[in-house]
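Numbering (our numbering), first residue to last: -9 to 72. Positions of the beta carbon are idealized from the N, C-alpha and C atoms, including for glycine.
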């Protein structure tokens, strides 16, 4: 856990449920993705977790689900639940 990170994040997003390890979230997501799709899925998920605001992150997640949701429905659900 990084000192002060929870305080800083909650200052911007007061109702956020924190998951501190994006690596585990990505690994969990990618275990469901066929090899040929992985690079593109990673690029699209980066847009979610690198978004500057919660609103932008949700927009990017919607875009991800529009593009990949039919093929990989678990991923969008997992990110929304995290």
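Distance, Cα to Cα, residue i vs residue j?
{"i": "residue 22", "j": "residue 70", "result": "16 Å"}
{"i": "residue 62", "j": "residue -3", "result": "33 Å"}
{"i": "residue 14", "j": "residue 40", "result": "16 Å"}
{"i": "residue 55", "j": "residue 44", "result": "16 Å"}
{"i": "residue 0", "j": "residue 7", "result": "9 Å"}
Considering only C-alpha positions, which residue in the set the options is nearest to residue i?
{"i": "residue 35", "options": "67, -1, -5, 2", "result": "67"}
What is the C-beta distance between residue i and residue j, in whole angstroms, given that I count them as a contact (C-beta under 8 Å)?
{"i": "residue 38", "j": "residue 50", "result": "5 Å"}
Using 10 angstroms around the beta-carbon of residue i, count the other beta-carbons present and answer buried if the total reaches 16, otherwise exposed.
{"i": "residue -5", "result": "exposed"}
{"i": "residue 3", "result": "exposed"}
{"i": "residue 19", "result": "buried"}
Kindly indicate the opening and closing residues of the alpha helix (DSSP H) around residue i.
{"i": "residue 42", "result": "Residue 42 -> no alpha helix (DSSP H), and no H or E assigned at all."}
{"i": "residue -1", "result": "-5 to 2"}
{"i": "residue 19", "result": "12 to 20"}
{"i": "residue 67", "result": "63 to 71"}
How about residue i: is its C-beta nearer than 8 Å to some C-beta of chain B?
{"i": "residue 53", "result": "Here chain B cannot be found, since the structure has a single protein chain."}
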